[in-house]
Each structure stands twice: as C-alpha cells, then as structure tokens.
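Scroll down for the structure; my scribbles are underneath it.
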Amino acid sequence: MSDTIRLDGRVLYLSQDPAVIDAQLAGENFTRATAGPLRENVSTDEITPVTVMLTYDERLGQYPYVGFKAGERMPIGRNAVKHGGFQVTVAGKRYGKGSSRESSPLAELSAGIRLIVAESFERIYQQNCDNIGILTTTDFSVLDRLIAGEAVPIDEFLKGRDALTQQIIRSGGLLAYSRFADWPAPRVRDEAANATAATPCIEPKTLVEKIIERHLHPGIASAQRGDGVFIAADWRFSHDYFTGMCAHLMHRAFGKPAPLHAPDHIIAFQDHLVLAAQSIPHVRDGLLPGVANLMEGHTAFSRDYPVRSHGALDTLPGSEGICHALLAEQYALPGEVACGTDSHTPHSGALGCLAFGAGATEIANSWVTGYVRCKVPETLRIEIDGGLRDGVTAKDVVLHLLRTDAIRSGGAIGLVFEYGGAAVRAMSIDERATLTNMVAELGGFTGIVEPDERTVAFLKERRGVDFMLENWMKSDPGASYRDIIRIDASAIEPMLARPGDPGNGMAAAQLEQDVSIDIAYGGSCTAGKREDFDFYHEVLHWGVEHGLRVPQSTRLYLQFGTMAVRAYCEQQGYLPVFERAGVTLVMPGCGSCANCGPGQSADAHQVTISAINRNFPGRSGPGDVWLASPYTVAASALAGKITTFEQLKHERG
408 MSDTIRLDGR
418 VLYLSQDPAV
428 IDAQLAGENF
438 TRATAGPLRE
448 NVSTDEITPV
458 TVMLTYDERL
468 GQYPYVGFKA
478 GERMPIGRNA
488 VKHGGFQVTV
498 AGKRYGKGSS
508 RESSPLAELS
518 AGIRLIVAES
528 FERIYQQNCD
538 NIGILTTTDF
548 SVLDRLIAGE
558 AVPIDEFLKG
568 RDALTQQIIR
578 SGGLLAYSRF
588 ADWPAPRVRD
598 EAANATAATP
608 CIEPKTLVEK
618 IIERHLHPGI
628 ASAQRGDGVF
638 IAADWRFSHD
648 YFTGMCAHLM
658 HRAFGKPAPL
668 HAPDHIIAFQ
678 DHLVLAAQSI
688 PHVRDGLLPG
698 VANLMEGHTA
708 FSRDYPVRSH
718 GALDTLPGSE
728 GICHALLAEQ
738 YALPGEVACG
748 TDSHTPHSGA
758 LGCLAFGAGA
768 TEIANSWVTG
778 YVRCKVPETL
788 RIEIDGGLRD
798 GVTAKDVVLH
808 LLRTDAIRSG
818 GAIGLVFEYG
828 GAAVRAMSID
838 ERATLTNMVA
848 ELGGFTGIVE
858 PDERTVAFLK
868 ERRGVDFMLE
878 NWMKSDPGAS
888 YRDIIRIDAS
898 AIEPMLARPG
908 DPGNGMAAAQ
918 LEQDVSIDIA
928 YGGSCTAGKR
938 EDFDFYHEVL
948 HWGVEHGLRV
958 PQSTRLYLQF
968 GTMAVRAYCE
978 QQGYLPVFER
988 AGVTLVMPGC
998 GSCANCGPGQ
1008 SADAHQVTIS
1018 AINRNFPGRS
1028 GPGDVWLASP
1038 YTVAASALAG
1048 KITTFEQLKH
1058 ERG
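End of the sequence shown sits at 1060 in the numbering used here; the numbers just go up one at a time, nothing left out.
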C-alpha cells in the first residue's frame, strides 16, 4: 500500500436527509456541516441486502447502499456509487453493524470506495475492511486534510490500531500478509505452560483471556489486552452464502487445491439459502440462478475437500440445521475456539467456549493456516441477580440491555460479554445461547458463560459426551473487567423492540395502542431451540384449551433450528397442538430471518412480530418488524395484535 493517501474522488455523506443523498448523486458536493445529521447504525443489511449477495467478486460494486434508508426512502440505486465517482464514505456511530458479511466492504471497494470515515465502527466490519484493503478512521480531521488536498501519510490510519493490524493494513490485506508469515502447526498449550494455576504472582484473568492464552500462535510468548494475535481455532466453519467467496479467496492466495489444515475440523453448513425457492423476492426478481451460483460454490468446496458437511434435506425444503445451533449441538466444547462466517457465531459461547464471527478472508486464511486473528479483548461482566419472572426469557434480558444508553451509543463494541449471576446459572444452555448469540446485536466481540454442571448435563444429554470441567475454566477472582453491569432479573418485563433496530427497546406494557400484526414468526438460530419450542407450545396449548387459534388475518410460522429440535417436538407431542392452533411449520434454515424463505413480509404495509435477533430495514422483507420473545410472539399470533402471554390470559379471563 502507498505511504500516502490523496483524495482523487468525491465524498459521500450518508445523511439522514434523503434530499441530501439525492443531491450528492446528482453531482452536488457537500461538507460535513452542510450534509446535516449523519445516519447512525448503518447496517450491513443496508450496505448489501441479502438479495444482492449472489456473487462473490467485483460485480458487487454495482450494489453498495441500495438498502440504505434515509427518512422513509432508500435513495441509492444500482451503480449510483460507482457512477458518482465517490472515493470516501462518511457516516455516524456504529457503522457496519449486523451481519459479518464481507460482501459489504467488497461492494464498497469494487465501487471505488477507498476510505470510510465514521464516528465508530462495528468490530467485524472494520476488520473486514482491514483484510481487503479499505482504510477506516474515526478521526474527522483526517477527512478535512484530504478535502483540503493534502497527501495524508498512511500512519494516520494506523493510530490506535494494534501492531498486528498495522502490519496487515500496510501489507494491503490479510492474505497478502499471510503469504509471507510463519504458520507452525497449531497446538493448544497445556495449563502448566500457561501457569494458569492461581498463585500470588500471576495476574488474575478472565475465562476468555485464558482460552486465548492457551491457543496463542507459538511465535507469541504472551499477549496483553488490546494486542492483536493469531490463535489456533478448534473449529472453523462457513455457510452457503460465503463458502464460495472463502474458497475463491483461498485459491487466489494459496493455489488450488489449497493445503487445508485439519480439514476434519472445518465445517460447511448449507442453511442460509435452502428455502430460496419459497422466498418472495428471490422468485419474483429472478434471483434463483444467482442462488444456484452461490450453492455451487459451496457444494464444490464440500465435494473437493475432505471437510465435514451439513446439507439440505432429501425430501423436504430445508436443511439439517442452522450452523450455530448445530455447532452447539454437535461440535463446540468448553475451552475451545470456534470461528465462522456469521456474526451470531457467539451462540456457542453458552457452552463456555470462545466463539466469534469473522469475514470470508479471515476464514479462508484459517482453513489453510489453522489460525484466526483477534484482538485480546476487554471484558464486560453482566451480573444478572435474582430470578426472572414467569414469562420473561433471555430474549427479554437482551432487549432490555440493548435499549440502555451505554449499548446504543456503541460503548460495548468489541468487548466480551461475560454473563453471570443467579439468573444466568438458573438458565438452560438453550437460554444462555440466546444471551451469547445476540452479542452480535449488542456490538460485542463475543459472549460467554462459564461452564458448570448444567453444561456438563447438556453435553451428556444432547451429545452423549462425558465432559469433565477443568479448574481453569472460569474467570479468576479479581479478574479485570471494563465494567460490571448489575441487573435485577425480577425487574425485567416482557420486552419489545420497535421496527428498525434491535436497540429500539421498550417494555411491552408501555405500548399505548393496539398494533395489529399480519405475520408472527418464531425460529432462527436465536429462537428455534428446544426451549423456545417449549415456550411456543406453552402459549399455544393454553390457547387451544381456551378455544383460540391463529386468526385468518394472521400467519404464525414456527421454524425448527435443527432437525433434532423437530424430533424433540414430535416426541413431546407438540405437533398436534401446533396444527390445532393454525401454525405453519417450517423446516430448518435461516429463512425469513435472512429475507430468504417463509415468514417474510410481502409489502411495506405488513407488520411482523418476530423472535429473531435483528430487525434492520429490509431484514425480513419490506414491512415493519417488531422483535419479542417466543412467549410474546405466540401470544400475539393468537390475538392478532401485539400482546404478551400475561396480557392475553388476563383479557381472556
């Protein structure tokens, strides 16, 4: 990469005002002052909606920001950025939140964007930019210097970045760096070598710090908080949206066939696109050939290399299961490291392992080297004391956290969320997985719960694994935390998140007027687990016993996270109750959560209440999406309007 950067193109300000966007696309230039308030929380769903992610090369340059919402419009069309001659994008806080899709920065890069200036960035998005060669900064004075015609030294874009990241940026990206790096065979260091036994001379560590220390690249003697490191990954996975991109990048850097490290610990999941044939936009807009292109990239990798693979069902539309749910059901163990091409990879942190999402470049590199990059993170302790009220779930806890000022402002970006306290210890692994899964929405690096006897019982019951907890598998007394947030579990009410962002939280009881719903959806990795279906069944069984069923004006979709969850529901006798209540059952797959299957809205006037993890504009179709717990989704479906189970029972006497 050049030692200096000069502005040769235009600056695109992602303003809240659609008229400002229109004017910029028409050729008018603005300043930060004249552009008005900048959009915050610009998600990767807006940069590259899932319906344009049907290629994994430079053709993505046609599409950046086609889902970007300013006011009530999406003013940026296909090729607008490329044809507008823009080189810099400017936005507000938490830019790039949401999915880990590397399609977003690749689309920006391919459209001519070389620099993103924002008040703050989401971790995975910024790391993806580093990996493919887009510069990022939160220093707006650098933008002023570029606009003034100054050639700005590359060092200005390295400030505040760890030493490893600086090397990667200077190299022009991760794979360029990787080709000349040393990659010894990964090994997990034993406890004695790490001196994790509690002694007065050893600094107390958090559980995540201990896991990182045990998995460090042999060339790194030790690491402190904030250091960039490579760690050995026990499990590395991709899913069908990104396997082709990962393989393409890997082959370009390492040749074909590439020398995979431990291919039996690489997993290819077919889950995101398996329901595309039932997806409104994919069928309507002729996108199925593009889906077939992505699927071929996925299946070719699974076919050409001896990796583990979970594919589509033989006789029904759907898959064996969603990647995160299957990883927890079949693979991840306490103390391990797992990384995958999805921001909800922290799901498996419920088992006490370090699990985090990474971009396609990171995963491609890990397939060959066995290592994945991360920064030794600070940890935020979430202490949830007391007990949750009846009808209040882990989803309500997360929606409660999301509405706090500290989280909404991006104060937890890149942190570990370490959950503890009596309420967490009382939770099942399924419920703990909701807490860790939605760290993606909270902006954190990952979520984790210290493994305990419930973890051991889960591994025995679900997987037949006799697991012995080791003394090191917990945070030390006196470990250092960025902060400790204490929550009284009994004070948490059933929650909602208003349309547009998971952070738009409110107590359901504060809803001042009836909100009629067209669609209720329960499923996804977040809400398709066994205990989620226990919740759905509890509400629907009560409803059937009281003469209720889903009204004709509403559709209730329940989607299994894995086929094992479906078998559980069958064994428990839930399926006849679901049929009597008027439920539409959907086999495993990401489906409407990724705007790619049954349960998505068909037009902007439809209203959905959903138990999925995020409700960014366009995420599940053009209509408004409210987020809620499984209890509230099922109760609302019976009522035809947003309501909690407690409210429904009160109304029906």
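Beta carbons are placed, not taken as given, at the ideal position from N, Cα and C, and that holds for glycine.
Look at the stretch 470 to 508 and you find these whole runs of alpha helix (DSSP H), each 4 residues long or longer: 487 to 491. According to the DSSP assignment, Ile814 belongs to the alpha helix (DSSP H) that extends over Asp812 to Arg815.
When the beta-carbon positions are compared, Ser897 and Gly793 come within less than 8 Å of each other. The C-alpha of Ser511 is placed about 22 Å away from the C-alpha of Glu479. Runs of the alpha helix (DSSP H) spanning 4 or more residues and lying entirely within the stretch 511 to 591 occur at 530 to 539, 547 to 554, 570 to 578 and 581 to 585, in chain order. Runs of the alpha helix (DSSP H) lying entirely within the stretch 633 to 695, each at least 4 residues long, are 650 to 661 and 687 to 691 in chain order. Among the bridge pairs identified by DSSP, Arg893 is matched with Glu790. Pairing Asp429 with Ser450, the inter-Cα distance amounts to about 20 Å. Bridge pairing for Ala904: Gly912 and Leu1034 [DSSP]. For Leu876, the closest alpha carbon among the candidates Thr1050, Ala660, Leu1034 and Pro741 is that of Pro741. Around the beta carbon of Pro593, 16 or more other beta carbons sit within 10 angstroms, so the residue counts as buried.
Excluding five sequence positions before and after Thr411, the CB atoms of its chain that fall closer than 7 Å to its own CB belong to Ala558, Val559, Pro560 and Ile561, given in chain order. The Cβ atoms of Val1040 and Ser1008 do not sit closer than 8 Å to each other. Of the residues Phe437, Arg659, Ala904 and Val957, the one whose Cα lies closest to the Cα of Ala583 is Arg659. Using a Cβ-Cβ distance cut-off of 8 Å, the stretch 533 to 543 and the stretch 456 to 463 are not in contact, since fewer than three pairs of beta carbons, one from each stretch, lie closer than that value. According to the DSSP assignment, Ile627 belongs to no alpha helix (DSSP H), since it is labelled neither H nor E. Only residues of its own chain outside the window of five on either side were considered, and among them Gly1047 have a CB closer than 7 Å to the CB of Pro958, listed in chain order. Taking a C-beta distance under 8 Å as the contact criterion, Ser755 and His717 do not qualify as a contact pair.
Annotation for Gln966: the continuous beta strand (DSSP E) segment containing it runs Arg962 to Gln966. The three-state secondary structure of Cys781, taken from DSSP, is strand. A Cβ-Cβ separation of about 7 Å places Asp925 in contact with Thr1015 under the 8 Å criterion. Looking at the DSSP output, Lys1048 shares a beta bridge with Ser923. Under the three-state reduction of DSSP, Ala974 is assigned to helix. When rounded, the separation of the alpha-carbon atoms in Glu900 and Pro482 is 38 Å. Inclusion of Ala675 and Val714 in the CB contact set at 8 Å is warranted, their separation being smaller than that value. Secondary structure at Glu620: helix, using DSSP grouped into helix, strand and coil.
Per DSSP, reduced to three states, the secondary structure at Phe824 is strand. A straight-line Cα-Cα distance of about 5 Å links Gln1013 and Gly1030. Restricting attention to Gln574, Leu809, Arg956 and Cys997, the CA atom closest to the CA of Thr969 is found in Cys997. Residue environment analysis places Pro1037 among the buried positions, since at least 16 neighbouring C-beta atoms fall within 10 angstroms of its C-beta. Per the coordinates, the alpha-carbon of Met880 lies some 11 Å from the alpha-carbon of Lys612.
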